[in-house]
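In our numbering, the protein residues as written are 2 to 181. We put the CB at the ideal spot given by N, CA and C, even for glycine.
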Amino acid sequence: MSDERGRPATPTWTGLGFAVWSDDLERVRSLLSAGAAADEYGDGVADATPLMESVDEVEYFYDDERSAMTKLLLDHGAEVNRQNSDGRTALHYAAGAGRTAVELLLEGGADPNAVAVDGRTPLHEAVDLLNLGAVQALCGAGADRTATDRDGRTPADLLDRADEGADEEQTAIRAALDAP
């Protein structure tokens, strides 16, 4: 039996998917060492991969263990540019996790200009989340600062609608976007 999107009615996790979701670094290490497929998350669980889940975190919680988990997944062949049904890659998810997560993925071959179905790039996501470290890392890796989403907005255009209380972050991000 399946739901309206064709997913199994009862989700089934892979051992690795559940270990990543539950932040169990030692179990992730053990499963990957035993040959678990680095890109298998489960059926009907989420439209993501373990790598996407490993970086889908706010920066405050993206700690050394999460970083080690991301690196392990990359070292065991996780497809860094794999897209979900919305066209998002792990780099889109990492925009909230900050510089460390973004740099790990870029070092692993992530495309800084990956385009989701809605036209958003990882840089759009990082700017929208006001994550300066992620913006700087993406710009340093050659992210297209002029890319437009399906509504015709560049990453800089997203600053105009960001929180009013974040003036310092907006100024720093605008400077990063304007830097050569």
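Proximity of VAL103 and LEU139 at Cβ, strictly below 8 Å:
yes
Beta-carbon separation of TYR94 and VAL56 under 8 Å?
yes
For a minimum of 4 consecutive residues, which ranges assigned as the alpha helix (DSSP H) are wholly contained in the region 8-65?
16-22, 26-34, 51-56
With H, G and I counted as helix, E and B as strand and the rest as coil, what does DSSP make of ARG89?
coil
Using the three-state DSSP reduction, which class does VAL118 fall into: helix, strand or coil?
coil
Quick check: the region 70-82 against the region 129-148, are there 3 or more CB pairs under 8 Å?
no
Inter-residue spacing [alpha-carbon to alpha-carbon] between GLY153 and ARG146:
13 Å
Leaving out five residues before and five after ASP150 in sequence, what residues of the same chain have Cβ atoms less than 7 Å from its Cβ?
ASP119, GLY120, ARG121, HIS125
Does the beta-carbon of GLU169 have 16 or more other beta-carbons within 10 angstroms, so that it is buried, or is it exposed?
exposed
Cβ-based neighbour list, GLY110, same chain, cut-off 8 Å, excluding 5 preceding and 5 following:
VAL81, ASN82
On the premise that ALA173 lies in contact with LEU130, defined as a C-beta separation below 8 Å, what is that separation, rounded to the nearest angstrom?
That belief does not hold up - the Cβ atoms of LEU130 and ALA173 are roughly 14 Å apart, past 8 Å.
The alpha helix (DSSP H) that contains GLN137, what's its start and end?
133-141
Using a 10 Å radius around the Cβ and a threshold of 16 neighbouring Cβ atoms, would you call VAL59 buried or exposed?
exposed
Can you tell me where the alpha helix (DSSP H) with VAL103 in it begins and where it stops?
100-108
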